[in-house]
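Here the structure comes first, spelled out in structure tokens, and everything after it is commentary.
2 protein chains.
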Amino acid sequence: MTESAGSGRDAEAVSRFVESFAAQLVEAGMPRMPARVFTALLASDEGSMTSAELGEQLRISPAAVSGAVRYLAQTHMVSREREPGSRRERYRVRGDQWYEALTNREAVLKRWEGALRDGVTSLGVTTPAGRRLSETLAFFEFLQGEVEAMMERWRVHREKTFGPE
Amino acid sequence: MTESAGSGRDAEAVSRFVESFAAQLVEAGMPRMPARVFTALLASDEGSMTSAELGEQLRISPAAVSGAVRYLAQTHMVSREREPGSRRERYRVRGDQWYEALTNREAVLKRWEGALRDGVTSLGVTTPAGRRLSETLAFFEFLQGEVEAMMERWRVHREKTFGPE
DNA sequence: CGCTTTCTTCAGAAATTTGTGAAGTTAAGG
DNA sequence: CCTTAACTTCACAAATTTCTGAAGAAAGCG
């Protein structure tokens, strides 16, 4: 058990988890630094850390933290909080935010749909290719609705299992 | 209307669609060449093309086609077909394959779940961080089941709208 | 069999992405 | 106000990824 002075947590175990889960996220297409930062937050007891804490735990420069956090904030995977009366900022991962971000490909889906619509128009609805694109488009439209309903079911399920937020 | 001799299709329009949709896929994390090849197949009238056709349309080397196709086959986004009695191979995108591939993050989900389970164990179920990981894990397990049911609904919906395969 | 077509593999060049140090900006604290 | 802490931005170096040309393997065809 490797326990840094007074932390009350096994720093090495945390680090092992952070690196292994981050690696999975990277493999799924997330840039490395954002993946590491996000996972570190996920594995923190508070669910939030400061820039300095992140830099120290992950052994990266403030610049790297800054870049990773910018990415995560843009994609709604973390929120930034100001500690009142301090220059320090806390980066936070809320449980539901994480799920929503994962599914909230919504913006992405919308753009895909747009591109597909253009394709159908310019190739012609009656061509074989046009028909294939139409079907793909229909699938995405279907998805959109389904995902929404599914998230609602999750909220219910979650509350039953883990209790209110 | 730019129409190459006898093709019966507006090559430039096809190309515009291919590049714009591929760009969206890239932005979502797919490597460039696979994205372009996949979209070219999606926009072809046959739903399939040979290596030579792909190389010509996309202006890339046979090596690039080979690499892209390998990626796409591994991720189950295209299938390879041998033309009987010929060395030529056709790469095909079947409608349902594309949908399944998109959702068939199944393998990915499994590995995420594994990493999360390890995390819960080593951080301890009773710690705040451990509880957060547990909840994330539960979400993925929930997802797994939902996606399956959803795809079944899509198949029904699809058949109603577009008729049998 | 050997020729030819088709695809694959490989080494390396080119381009892109990533992370850093250093300088810049903002705002609290004296 | 001036100092200092906290974060951000920027230019560049380093690492990684991507694509190509060239050589290699597999398989039909004569």
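Order-wise, the sequence lines are chains S and C.
Heads up: the first sequence is residues 1 to 165, going by the working numbering.
Heads up: the second sequence is residues 1001 to 1165, going by the working numbering.
Just so you know, even glycine gets a beta-carbon here, dropped at the ideal spot from N, CA and C.
Who does residue i pair with in a DSSP beta bridge?
{"i": "C:MET1049", "result": "C:TYR1091"}
{"i": "S:GLU159", "result": "S:GLU159 is not bridged to any residue."}
{"i": "C:SER1079", "result": "C:ARG1092"}
Chain S partners of residue i, CB-CB under 7 Å?
{"i": "C:ARG1132", "result": "LEU42, GLY47 and GLY95"}
{"i": "C:ALA1115", "result": "SER20, PHE21 and GLN24"}
{"i": "C:MET1077", "result": "Here the premise fails: no neighbours, minimum Cβ distance about 12 Å."}
{"i": "C:ARG1111", "result": "GLN24"}
With a Cβ-Cβ cutoff of 8 Å, do residue i and residue j count as a contact?
{"i": "S:ALA13", "j": "C:SER1079", "result": "no"}
{"i": "S:TRP112", "j": "C:GLN1097", "result": "no"}
{"i": "S:ARG90", "j": "S:GLU83", "result": "yes"}
{"i": "S:ARG70", "j": "C:GLY1095", "result": "no"}
{"i": "C:GLY1085", "j": "S:GLY29", "result": "no"}
{"i": "S:ASP45", "j": "C:THR1127", "result": "yes"}
In angstroms with no decimal places, state the Cα-to-Cα distance between residue i and residue j.
{"i": "C:ALA1064", "j": "S:PHE139", "result": "30 Å"}
{"i": "S:LEU41", "j": "C:THR1039", "result": "37 Å"}
{"i": "S:MET33", "j": "S:ALA68", "result": "6 Å"}
{"i": "C:ALA1043", "j": "S:GLY119", "result": "8 Å"}
{"i": "S:VAL26", "j": "C:VAL1108", "result": "11 Å"}
{"i": "S:SER66", "j": "S:ARG155", "result": "32 Å"}
{"i": "S:PRO62", "j": "C:GLN1144", "result": "37 Å"}
{"i": "S:GLU19", "j": "S:ARG36", "result": "7 Å"}
{"i": "C:LEU1058", "j": "C:ARG1153", "result": "36 Å"}
{"i": "C:ALA1101", "j": "C:MET1077", "result": "6 Å"}
{"i": "C:SER1004", "j": "S:GLY130", "result": "The predicted position of C:SER1004 is uncertain, since its pLDDT is 49 and thus under 50; a value taken from the coordinates is nonetheless stated next. Each residue's Cα considered, the two are about 19 Å apart."}
{"i": "S:SER15", "j": "S:ALA149", "result": "36 Å"}
{"i": "C:GLU1146", "j": "S:GLY114", "result": "26 Å"}
{"i": "S:GLU165", "j": "C:ILE1060", "result": "53 Å"}
{"i": "S:PHE21", "j": "C:PHE1021", "result": "30 Å"}
{"i": "C:GLY1163", "j": "C:HIS1157", "result": "10 Å"}
{"i": "C:LEU1054", "j": "S:PHE17", "result": "42 Å"}
{"i": "S:LYS110", "j": "S:GLU56", "result": "39 Å"}
Could you tell me which chain C residues have their CB closer than 7 Å to the CB of residue i, listed as they occur along the chain?
{"i": "S:ALA129", "result": "ALA1043, SER1044 and ASP1045"}
{"i": "S:THR50", "result": "Ordered by position in chain C, no residue passes the 7 Å Cβ test against S:THR50, which lies about 16 Å from the chain."}
If you compare alpha carbons, which of the options is closest to residue i?
{"i": "S:GLY47", "options": "C:LEU1054, C:ARG1016, C:THR1136 and C:PHE1017", "result": "C:THR1136"}
{"i": "S:ARG166", "options": "S:TYR99, S:ARG94, S:GLU141 and S:GLU100", "result": "Outside the modelled stretch of chain S, which goes from 1 to 165, sits residue 166 of chain S, for which no answer is possible."}
{"i": "C:ALA1052", "options": "C:TYR1099, C:VAL1125, C:ARG1087 and C:GLY1130", "result": "C:ARG1087"}
{"i": "C:GLU1106", "options": "C:GLY1085, C:GLY1130 and C:THR1075", "result": "C:THR1075"}
{"i": "C:ASP1010", "options": "S:ALA115, S:PHE162, S:GLY124 and S:PHE17", "result": "S:GLY124"}
{"i": "S:PRO31", "options": "S:ASP45, S:ARG16, S:LEU72 and S:PRO164", "result": "S:LEU72"}
{"i": "C:THR1161", "options": "S:THR126, S:SER134 and S:PHE17", "result": "S:SER134"}
{"i": "C:TYR1099", "options": "C:GLU1159, C:MET1151 and C:PHE1021", "result": "C:MET1151"}
Taking 7 Å as the cut-off, is the C-beta of residue i nearer than that to any heavy atom in the ligand NAP?
{"i": "C:PRO1084", "result": "Questions concerning the ligand NAP fall outside what the structure shown contains, since it holds no ligand whatsoever."}
Going along chain S in order, which residues have a C-beta closer than 8 Å to the C-beta of residue i?
{"i": "C:VAL1125", "result": "Ordered by position in chain S, no residue passes the 8 Å Cβ test against C:VAL1125, which lies about 13 Å from the chain."}
{"i": "C:GLY1029", "result": "ALA28, GLY29 and MET30"}
Residues of chain C with CB under 9 Å from residue i, in chain order?
{"i": "S:THR136", "result": "LEU1042, GLY1095, TRP1098 and TYR1099"}
{"i": "S:ALA11", "result": "The premise fails here: S:ALA11 is roughly 11 Å from chain C at the closest Cβ pair, so nothing lies under 9 Å."}
{"i": "S:GLU146", "result": "GLU1146, MET1150, ARG1153 and TRP1154"}
{"i": "S:PHE142", "result": "MET1150, ARG1153, TRP1154, HIS1157 and ARG1158"}
Kindly list, in the order they appear in chain S, the residues whose Cβ is closer than 9 Å to that of residue i.
{"i": "C:VAL1156", "result": "Those do not exist, as C:VAL1156 stays about 11 Å from chain S at its closest Cβ, beyond 9 Å."}
{"i": "C:SER1122", "result": "ASP10, ALA13, VAL14, ARG16 and PHE17"}
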